[in-house]
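In the order they appear, the protein sequences are chains H and D.
Here the first sequence stands for residues 2 to 315, where the numbers follow this note's numbering.
Here the second sequence stands for residues 39 to 301, where the numbers follow this note's numbering.
Glycine included, C-beta positions come from ideal geometry on N, C-alpha and C.
Just below is one structure, and these are the notes that go with it.
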Amino acid sequence: MMIPLLLGITIICFFVMHLAPGSPTDLQTEMNPKASAEMKERLRALYELDKPVHIQYLSWLKKISRGDLGTSFSTDRRPVAEKIMERLPVTILISLLSLFIVIAVAVPIGVLSAVHKDSLFDKVTAVIVFIGFAVPTFWLALLLMIFFGIHLGWLPVSGLRSLNYEYLGFWEQWVDLLKHLILPVFVSAFGGLAGLSRYMRANMLEVIRQDYIMTARAKGLSERNVIYKHALRNALLPAITILGLAIPGLIGGSVIFETIFAIPGMGQLFYMSVMARDYPTIMGILLIGAILTLVGNLIADVSYAVADPRIRMS
Amino acid sequence: MLAGSGLVALLLVISILAPWLAPYDPGQIDLNNVLASPSMEHWFGTDQLGRDVLSRMIWGARISLKVGFVATGVAILIGTVLGAISGYYGGWVDAVIMRFVDIMLCFPTFFLILAVIAFLKPSIWNIMIIIGLTGWMGVTRLVRADFISLKERDYIHAAKAIGASDARIIFLHILPNSMASILVAATLGIAGAILTESALSFLGIGVQPPTPSWGNILTAGKDNIDIAWWLSLYPGLAILVTVVGYNLLGEGIRDILDPRLKK
Chain H
2 MMIPLLLGIT IICFFVMHLA PGSPTDLQTE MNPKASAEMK ERLRALYELD
52 KPVHIQYLSW LKKISRGDLG TSFSTDRRPV AEKIMERLPV TILISLLSLF
102 IVIAVAVPIG VLSAVHKDSL FDKVTAVIVF IGFAVPTFWL ALLLMIFFGI
152 HLGWLPVSGL RSLNYEYLGF WEQWVDLLKH LILPVFVSAF GGLAGLSRYM
202 RANMLEVIRQ DYIMTARAKG LSERNVIYKH ALRNALLPAI TILGLAIPGL
252 IGGSVIFETI FAIPGMGQLF YMSVMARDYP TIMGILLIGA ILTLVGNLIA
302 DVSYAVADPR IRMS
Chain D
39 MLAGSGLVAL LLVISILAPW LAPYDPGQID LNNVLASPSM EHWFGTDQLG
89 RDVLSRMIWG ARISLKVGFV ATGVAILIGT VLGAISGYYG GWVDAVIMRF
139 VDIMLCFPTF FLILAVIAFL KPSIWNIMII IGLTGWMGVT RLVRADFISL
189 KERDYIHAAK AIGASDARII FLHILPNSMA SILVAATLGI AGAILTESAL
239 SFLGIGVQPP TPSWGNILTA GKDNIDIAWW LSLYPGLAIL VTVVGYNLLG
289 EGIRDILDPR LKK
């Protein structure tokens, strides 16, 4: 199932990209008055852009099957795989951290507001969640930068390391990195918070109404036991799928917050490659992004099976 | 619902009356008054070229609404047609369309939009169409589900028995029943499209200056982040209020049209 999906994704991207007007060689030759038509042709041949699109796709596919993502069109001419690999850990680290925060914050909020439905807490979180759905994350990032970075001066506003990083001690380096990560991770987590907490609340309300919860109460179990053992586990199940679906959002969002916070991750590389029309790098990142998403969905499916005995049986 | 429709109506009025409401010409450059903080003359301050931020925001409302409506229109059109075909005919047609939906869903959509727009010229029409082309999947699923449950109803069999064509059954007998959910999806879709447009414009590949949009005013806000907070605060607030308005309206419509969904 995953292979045809990946094929479909890469075909769509490849064709959309190559059929769009303009070519990467234009950017390199436009500004150069010495560039002759013949030279442009040579450049196109070097990048294999002179062949029909489907041939280009097949040759790309052949390379991919050998694990070769090609060479970047940018002036450094480095292998795409190398360029992506040095940036991927940062993006994954931030995505995982924000996913962790989303779960750690949204699940309790959802559960509490369902258990105490119509309480003050429920109403306040409902308003916050509603606003959370509507806040543009890049705007939130700007406001946080202004407040914590410039007004209070507590946190750095760009990059991953301070200028004096080299001269810091081991622990200070960690603290430095952590300080640089706080704002980006918070911003990228924020979008998911609203969705998941809303979803958890709805699930929990649904579950609490079920007969087996009444049975559990009738058995004389403590309320704590009923909620956190019997209800929560069942309410968590559908949320796992939602988390799997959240991964494309996190990866897509990385373009925005990595560009804002100047974090050297995959999103920033993507933005730069798109601007430079670096086809091989763009295709590479799209492919890695799609694989990450599919792996995320797979993990979600597996953890679904772990959490739900009914699925394991069938 | 009331608050939502109020906000949406207010924005419509503002964007229609933009030429009369805006206190200044949004493109009027005043180099003697660059990055002036909010004052009585310029309520929301001026930008890096001395242009009045409030006026630019009022004109920006037009852009946002235009993008929201057209992009959503494209998405709804594609989503409805594909969903109807998929649900009504079933079989391999359904299988192919649903696989395509899966592909589009497990894709970091924003990456795709970014790639395509950067290659095409970033004009407002391209943006609207691309946002529409990448946002139809939810509608397809909705419409398909409606069609699957409705096509076995007695009145559909009756329509078939008297010889109604497929197109007639799809558009006149089944589709009207999906209108409620499509309308809700459209309202929420407008909010999403406005958010996407502002993010693209913020990154510099959406609506291009000098045309004012909330997103590209925020870009100026980022460039002058340490001196001009008003450039960052107000346009974002406008986006927030607009999106809240459409979300409230969408949920309100859902509650009215389909009381079963009411929580």
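8 Å contact criterion, which residue i and residue j should meet: CB distance rounded
i: D/L152; j: H/V81; result: Not quite, the Cβ-Cβ distance comes to about 18 Å (not below 8 Å), so this is no contact.
i: D/I155; j: D/I141; result: D/I155 to D/I141, Cβ: 20 Å. No contact.
i: D/R182; j: D/G121; result: 4 Å
i: H/I283; j: H/V275; result: 6 Å
i: D/W267; j: D/G98; result: Rounded, the Cβ-Cβ distance is 18 Å, inconsistent with contact.
i: D/L278; j: H/A190; result: Contact doesn't hold; Cβ gap of about 18 Å is too wide.
i: D/V255; j: D/L269; result: Note that residue 255 of chain D corresponds to Ile in the displayed sequence, not to Val. At roughly 6 Å, the Cβ-Cβ gap stays under 8 Å, so D/I255 and D/L269 are in contact.
i: H/L206; j: H/A115; result: 5 Å
i: D/P64; j: D/R89; result: 6 Å
i: H/P248; j: H/L293; result: Inspection of the sequence shows that residue 248 of chain H is occupied by Ile rather than by Pro. Yes, H/I248 and H/L293 are in contact; Cβ-Cβ is about 7 Å, under 8 Å.
i: D/L103; j: D/S161; result: Actually they are not in contact, since the Cβ atoms of D/L103 and D/S161 sit about 17 Å apart, beyond 8 Å.
Rounded straight-line distance, which links the Cα of residue j to that of residue i
i: H/L161; j: D/V134; result: 44 Å
i: D/Q246; j: H/R199; result: 36 Å
i: D/K300; j: H/K118; result: Annotation note: pLDDT 49 at D/K300 (below 50); position unreliable, no value reported.
i: D/V112; j: D/L171; result: 7 Å
i: H/L270; j: D/P146; result: 15 Å
i: D/F149; j: H/G250; result: 10 Å
i: H/R218; j: H/E224; result: 7 Å
i: H/M267; j: D/P61; result: 43 Å
i: H/K124; j: H/L113; result: 11 Å
i: D/D264; j: D/I101; result: 28 Å
i: D/L287; j: H/G196; result: 18 Å
i: H/E42; j: H/F139; result: 41 Å
i: D/L180; j: H/A291; result: 24 Å
i: H/S96; j: H/V54; result: 34 Å
i: H/L179; j: D/I294; result: 48 Å
i: D/G117; j: D/T110; result: 10 Å
i: H/F74; j: H/E39; result: 19 Å
i: H/R45; j: H/K52; result: 9 Å
i: H/R88; j: H/P265; result: 6 Å
i: D/V51; j: D/F107; result: 15 Å
i: D/A41; j: D/A231; result: 21 Å
i: H/A306; j: H/A203; result: 22 Å
i: H/A277; j: D/F209; result: 46 Å
i: D/G201; j: D/I194; result: 11 Å
i: D/G259; j: H/D177; result: 27 Å
i: D/R292; j: D/T225; result: 10 Å
i: D/H242; j: H/V17; result: One point to set straight first is that residue 242 of chain D is Gly, not His, in the sequence displayed. Going by the C-alpha atoms only, they are around 21 Å apart.
i: H/S304; j: H/I241; result: 8 Å
i: D/L143; j: H/L156; result: 36 Å
i: D/L45; j: H/Y168; result: 54 Å
i: H/P239; j: H/P109; result: 16 Å
i: H/S120; j: H/V106; result: 19 Å
i: H/P310; j: H/I214; result: 18 Å
i: H/M201; j: H/I104; result: 10 Å
Residue i, enclosing alpha helix (DSSP H) - first and last residue
i: H/D69; result: Looking at the DSSP string, H/D69 is not in any alpha helix (DSSP H), and its letter there is neither H nor E.
i: H/G196; result: 171-209
i: H/M40; result: 38-47
i: H/D123; result: 121-135
i: D/A231; result: 213-240
i: H/A308; result: 280-308
i: D/I291; result: 267-295
i: H/K52; result: H/K52 -> no alpha helix (DSSP H), and no H or E assigned at all.
i: H/G250; result: 233-261
i: H/M215; result: 212-219
i: D/T257; result: 252-261
i: H/S274; result: 267-277
i: H/T138; result: 138-145
Residues that DSSP places opposite residue i in a beta bridge
i: H/S80; result: The residue asked about is misnamed: residue 80 of chain H is Pro in this sequence, not Ser. In DSSP, H/P80 forms a bridge with H/T72.
Residue i at chain A interface by Cβ criterion, 8 Å
i: H/A135; result: Looking for chain A here will not work: the only protein chains present are H and D.
Unbroken beta strand (DSSP E) runs of length 3 or more, entirely within the region 55-103 of chain D: which are they? none
If we require 3 or more residues per run, which beta strand (DSSP E) segments fall completely within the region 141-194 of chain D? none
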